[in-house]
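Number of protein chains: 4
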Amino acid sequence: MTAAQEGQLVLLIGKDRKSFIVRLQHGVRLQTHRGILEHSDLIGRPMGSRVRSHLGHQYYLLAPSWDDLLRAIRRASQIVYPKDIGYILMKMSIRPGSVVLDAGTGSGALAAAFASAVMPTGWVISYEIREDMLALARRNLAHLGLAEYVTLKHRDIGDGFEETEVDALCLDVPAPWYYLEQAQRALRGGGFFGSILPTANQVIELLRALERSPFAFLEVEEVILRGYKVVSARFRPMDRMVAHTGYLIFARALAAEGSDEEE
Amino acid sequence: MTAAQEGQLVLLIGKDRKSFIVRLQHGVRLQTHRGILEHSDLIGRPMGSRVRSHLGHQYYLLAPSWDDLLRAIRRASQIVYPKDIGYILMKMSIRPGSVVLDAGTGSGALAAAFASAVMPTGWVISYEIREDMLALARRNLAHLGLAEYVTLKHRDIGDGFEETEVDALCLDVPAPWYYLEQAQRALRGGGFFGSILPTANQVIELLRALERSPFAFLEVEEVILRGYKVVSARFRPMDRMVAHTGYLIFARALAAEGSDEEE
Amino acid sequence: MTAAQEGQLVLLIGKDRKSFIVRLQHGVRLQTHRGILEHSDLIGRPMGSRVRSHLGHQYYLLAPSWDDLLRAIRRASQIVYPKDIGYILMKMSIRPGSVVLDAGTGSGALAAAFASAVMPTGWVISYEIREDMLALARRNLAHLGLAEYVTLKHRDIGDGFEETEVDALCLDVPAPWYYLEQAQRALRGGGFFGSILPTANQVIELLRALERSPFAFLEVEEVILRGYKVVSARFRPMDRMVAHTGYLIFARALAAEGSDEEE
Amino acid sequence: MTAAQEGQLVLLIGKDRKSFIVRLQHGVRLQTHRGILEHSDLIGRPMGSRVRSHLGHQYYLLAPSWDDLLRAIRRASQIVYPKDIGYILMKMSIRPGSVVLDAGTGSGALAAAFASAVMPTGWVISYEIREDMLALARRNLAHLGLAEYVTLKHRDIGDGFEETEVDALCLDVPAPWYYLEQAQRALRGGGFFGSILPTANQVIELLRALERSPFAFLEVEEVILRGYKVVSARFRPMDRMVAHTGYLIFARALAAEGSDEEE
Chain L
17 MTAAQEGQLV
27 LLIGKDRKSF
37 IVRLQHGVRL
47 QTHRGILEHS
57 DLIGRPMGSR
67 VRSHLGHQYY
77 LLAPSWDDLL
87 RAIRRASQIV
97 YPKDIGYILM
107 KMSIRPGSVV
117 LDAGTGSGAL
127 AAAFASAVMP
137 TGWVISYEIR
147 EDMLALARRN
157 LAHLGLAEYV
167 TLKHRDIGDG
177 FEETEVDALC
187 LDVPAPWYYL
197 EQAQRALRGG
207 GFFGSILPTA
217 NQVIELLRAL
227 ERSPFAFLEV
237 EEVILRGYKV
247 VSARFRPMDR
257 MVAHTGYLIF
267 ARALAAEGSD
277 EEE
Chain R
17 MTAAQEGQLV
27 LLIGKDRKSF
37 IVRLQHGVRL
47 QTHRGILEHS
57 DLIGRPMGSR
67 VRSHLGHQYY
77 LLAPSWDDLL
87 RAIRRASQIV
97 YPKDIGYILM
107 KMSIRPGSVV
117 LDAGTGSGAL
127 AAAFASAVMP
137 TGWVISYEIR
147 EDMLALARRN
157 LAHLGLAEYV
167 TLKHRDIGDG
177 FEETEVDALC
187 LDVPAPWYYL
197 EQAQRALRGG
207 GFFGSILPTA
217 NQVIELLRAL
227 ERSPFAFLEV
237 EEVILRGYKV
247 VSARFRPMDR
257 MVAHTGYLIF
267 ARALAAEGSD
277 EEE
Chain H
17 MTAAQEGQLV
27 LLIGKDRKSF
37 IVRLQHGVRL
47 QTHRGILEHS
57 DLIGRPMGSR
67 VRSHLGHQYY
77 LLAPSWDDLL
87 RAIRRASQIV
97 YPKDIGYILM
107 KMSIRPGSVV
117 LDAGTGSGAL
127 AAAFASAVMP
137 TGWVISYEIR
147 EDMLALARRN
157 LAHLGLAEYV
167 TLKHRDIGDG
177 FEETEVDALC
187 LDVPAPWYYL
197 EQAQRALRGG
207 GFFGSILPTA
217 NQVIELLRAL
227 ERSPFAFLEV
237 EEVILRGYKV
247 VSARFRPMDR
257 MVAHTGYLIF
267 ARALAAEGSD
277 EEE
Chain Y
17 MTAAQEGQLV
27 LLIGKDRKSF
37 IVRLQHGVRL
47 QTHRGILEHS
57 DLIGRPMGSR
67 VRSHLGHQYY
77 LLAPSWDDLL
87 RAIRRASQIV
97 YPKDIGYILM
107 KMSIRPGSVV
117 LDAGTGSGAL
127 AAAFASAVMP
137 TGWVISYEIR
147 EDMLALARRN
157 LAHLGLAEYV
167 TLKHRDIGDG
177 FEETEVDALC
187 LDVPAPWYYL
197 EQAQRALRGG
207 GFFGSILPTA
217 NQVIELLRAL
227 ERSPFAFLEV
237 EEVILRGYKV
247 VSARFRPMDR
257 MVAHTGYLIF
267 ARALAAEGSD
277 EEE
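In order, the protein sequences belong to chains L, R, H and Y.
For the first sequence, the residue numbers in the numbering used here are 17 to 279.
For the second sequence, the residue numbers in the numbering used here are 17 to 279.
For the third sequence, the residue numbers in the numbering used here are 17 to 279.
For the fourth sequence, the residue numbers in the numbering used here are 17 to 279.
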């Protein structure tokens, strides 16, 4: 039996599907719209069990999934969806030990997901030009317990990245085509390049730049998630769905090769 | 500059997009349809650079992505696609340090992906009833350098799993509804349950069983990947695409709670 | 120049995209939330022109599209979407002169669409068991000016259809599998059978019945409509979309052949 | 019982799903890869019945659906799919009696579909600049029995359309943005404009032109068709599907209004 421990990040989810993500700490209380839950009463309770607010309403005590965490993250910018992040991790081979660059940081969701995949031996460096965003990302990363795996940098990526030989680099900025040279210099030979863009116009602009760059193996893909109603007697897709989050663009950095002639 | 090293797993990809995945070893040669590449000539070359076969044909020397690895894996059963695996990792919170159960092993693709996400501190235990499949999975895991993170078990999951308190459990078997009790006993409280099923009939059967089980927060989703042609002057979706791989079913194990009454 | 005429069905659509469908008639006035429009002021105005309410708000005077008509139809049941109707017309070869059966009538949307496609020489016969629905359908068909092409019948299709040798027959009822024999007797040899069903469970049930019936060339399809934002500088899919309306099932009736042996 | 008649267009479909579309004529024989079928033996047979080739192979005798006809049409250009045509008919309100312009004719598939929807009282005028295409379209329309409802014109639409006050106009040409003025002059006030374009670049260009034109109510949509395997015990989507045919663009022509001021 796994019990909830002080310092642990937990999800409390009510019968009404309203959920809360808190880090357990003696003396703190969670105020919900359906009554109060004392952290001290939760610490030591088995994970997956039912707990009750002081008004008697029932909540499940669970470890949050990435889905839960990303929904809960405080954000001032576009959300990045688990469906996209999961695929980015696979396509860019981001895994334990990887060193990953990411810009702009935004609310830190992407940096957090990368950190969670590369820890404890890997490392994420995230660039952001807006100070208010960096402050928000710092709070979000601390809340998720991932701050130690992410270095936040307040710097214009137009001036280049300070790192070299990184495994993967993801540009989540509106005009990534301006930064391909900087990206190329930061990546190791064969390193993974990725970008997320909402409009076809941006993708066209980025492809145009990539076609003239030392990147190869370009791919553009969309990940579409279709949810179903979970009633066994009436199994069918949901009535409505998210139709678009962004186009994902992938490429591989080639080694700068002085004398090697074109075939 | 990162150079290719002996013992490293590399991807060689030709102008004709034919690709090879090999583990570099002095004295070994790669025989392609367009000439021979000696491993000794590749070791020490910068990753991301161009190399040539003895017939002068050009190949790129790259680290394989997960996409590449999964396509290359020798298999005797259904492939599991990166789009699905990436999403499963996110939804089931599989990350460095996680302990994950998986059945059946099949060709080992899912176990390999899990191993790659939980290493070096995590652990994957994979059950398979067919000896020939286990042998194939063992070879595939060794080829990918992931054997040490996976324990393969030749055992009928109808007899139960030998582990308890695991973080996540994924059933990739044709009739998962027979093994929900066994899954529940193996998972920690609140643990993540997942399954992949190709037909709506199977999903309906599994939902029926889950509705009567101590699992909660059921979700059924499909991940659909749409590829685009990467020509900036004519940006458009591919003409054809994979329409279906499988339905993904997720749930959370609840703690067995003796006396706790229903609300 | 085409001018709006008395008796014509027109669409008035405001700057706020709120729209009204009315049949022009001298002496009648349209009361909108942004002022009054006198029908007499509209009659004689060019179609496609701008007109103004007594408060000065601008409306476009247009012929309604099928899309507009279906959205405007008063309904007590599930809507049938233009994407589905258009495809049904193609797959079931419903065109000028066709004789089409349809059950249940519901609010009459499907019967109206069929009538509009088969007029003036074709004919639609629509069965409905609920009197209130028939009354609603009658009003809707009259409003659309299509009443003369549709015969509404208040009758249980379990007792059979009164027609034979019809070109096409569409079952928009929850349990179409009970009425395959009746459908077969009503259709001409080779006639087109269609059905619309929201859940996979229903499709499975219908397929099971069709597999044992004298219908052949079964097809099940879904029509998915993806809308885009129409801003040239930021071309991209809409954020959200309708994910599911129904599965479309098609089959062809085979001739009842007394002595003809199986191959 | 409906019997096949001389002069009728019929579909013959074998057990191997190979199909033939012929117009029945005494004295003509259909040569298949599985034997000969004499038209005289087919004339008088019930539609929907089974017939046999001289080698004993079985064929079904059916009326072709639109789907069948479009697949069978001889073409030198891009196919237009039933899923797209059906939706275009609905969105552009093309129905019995409509007068429809279409350019370029290509192999005539779109003109044929329009003719089939507007006959017997409506009319289709189709422009094409290539003589060889016109000849092909003429043959296809004659084969389908629709020639009398379509006027083919060998003329550059850059010089304008000769018609005015048409109900609907569809541009199936690579650069429709050059012909918006001509389209506007041909359409009645409020008339329906449509276009089909394969790439996002083209859609962006057309939207840019439409935004500066006297067209309004722009819409861009994609119709995606997902097929399912029709086995009741294993109901699931097909493995692969057509991912893209084209983007559909719709707009309404506004009346040219001399003095009417902008709101």
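C-beta atoms are modelled at their ideal positions from N, C-alpha and C, and glycine is treated no differently.
query, result
"Candidates Y:Q47, Y:R33 and Y:H55, of which the one nearest E22 (chain Y) by Cα", "Y:H55"
"Proximal residues of chain R, C-beta to C-beta of I240 (chain H) below 8 Å", "In chain order: nothing, as chain R lies at least about 10 Å away."
"Neighbourhood of A202 (chain L) by C-beta, 7 Å cutoff - its chain only, sequence neighbours within 5 removed", "L117, F177, E179, T180, V182 and L185"
"Entirely enclosed alpha helix (DSSP H) segments - the segment 214-262 of chain R, minimum 4 residues", "216-227"
"Chain-ordered chain R contacts of N217 (chain H) [CB-CB under 7 Å]", "I220"
"9 Å Cβ cut-off: residues of chain L touching K107 (chain R)", "S81, W82, D83, P98 and G102"
"First through last residue of the beta strand (DSSP E) which encompasses F36 (chain Y)", "S35 to R39"
"Buried versus exposed, by CB contacts within 10 Å (16 or more), H159 (chain L)", "buried"
"Residues of the segment 245-264 of chain L whose Cβ lies closer than 7 Å to any Cβ of chain H, in chain order", "A249, R250, F251, R252, P253, M254, D255, R256, M257, V258, A259 and H260"
"Within-7 Å CB hit, V38 (chain L) to chain R", "no"
"Start-end ranges of the beta strand (DSSP E) lying completely within the segment 105-135 of chain Y, minimum 3 residues", "115-119"
"Listed by chain order, chain R residues near P214 (chain Y) by CB distance under 7 Å", "R252"
"Between the CA atoms of A129 (chain R) and V134 (chain L) - distance to the nearest angstrom", "14 Å"
"Chain-ordered chain Y contacts of P112 (chain H) [CB-CB under 7 Å]", "P112, M135 and P136"
"Helix, strand or coil at G23 (chain R) according to DSSP, with G and I counted as helix", "coil"
"Straight-line Cα distance separating G207 (chain Y) from E279 (chain Y)", "Any reading at E279 (chain Y) needs caution, since the residue's pLDDT is 39, under 50, leaving its predicted position unreliable; the model's value is listed next. The alpha-carbon atoms of E279 (chain Y) and G207 (chain Y) are separated by roughly 22 Å."
"Secondary structure of A269 (chain H), DSSP reduced to three states", "strand"
"S56 (chain H) - containing alpha helix (DSSP H), residue span", "H55 to L58"
"Stretch pair the segment 163-173 of chain R + the segment 89-109 of chain R: three plus CB contacts closer than 8 Å", "no"
"C-alpha distance - V258 (chain H) paired with G113 (chain R), whole-angstrom precision", "40 Å"
"Residues near L78 (chain R) by beta carbon distance below 6 Å, same chain, minus five either side", "L27"
"Exposed unless 16 or more other CB atoms sit within 10 angstroms - verdict on I212 (chain L)", "buried"
"Identity of the residues DSSP links to Y165 (chain L) by a beta bridge", "DSSP, once it has assigned bridges, lists no residue as partnering Y165 (chain L)."
"For Y194 (chain L), three-class secondary structure by DSSP", "helix"
"Other residues of its chain near Y75 (chain Y): CB distance less than 6 Å, five sequence neighbours each side excluded", "L28, G30 and V67"
"Euclidean distance between Cα positions of E235 (chain R) and N217 (chain H)", "17 Å"
"Helix, strand or coil at I145 (chain H) according to DSSP, with G and I counted as helix", "coil"
"Span separating the alpha-carbon of H49 (chain R) from that of A232 (chain H)", "47 Å"
"Rounded separation between R341 (chain H) and F209 (chain R) - CA only", "In this structure chain H extends from 17 to 279, so residue 341 (chain H) is not present and cannot be described."
"Start and end residues, beta strand (DSSP E) containing D183 (chain H)", "V182 to L187"
"Cutoff 7 Å: M63 (chain L) Cβ touching any chain R Cβ", "yes"
"L117 (chain Y) at chain H interface by Cβ criterion, 7 Å", "no"
"Continuous beta strand (DSSP E) stretch holding D78 (chain Y): start and end", "Looking at the sequence provided, one finds Leu at residue 78 (chain Y) rather than Asp. Start and end: Q74 to L78."
"Local Cβ density within 10 Å of R90 (chain H), reported as buried at 16 or more and exposed below that", "exposed"
"Alpha-carbon spacing of Y263 (chain L) relative to Y244 (chain L), whole angstroms", "23 Å"
"Pairwise C-alpha distance: L222 (chain Y) and E277 (chain Y)", "A caution first: E277 (chain Y) carries a pLDDT of 43, below 50, which makes its placement in the model unreliable, though a value can still be read off. Using only the alpha carbons, I get a separation of about 26 Å."
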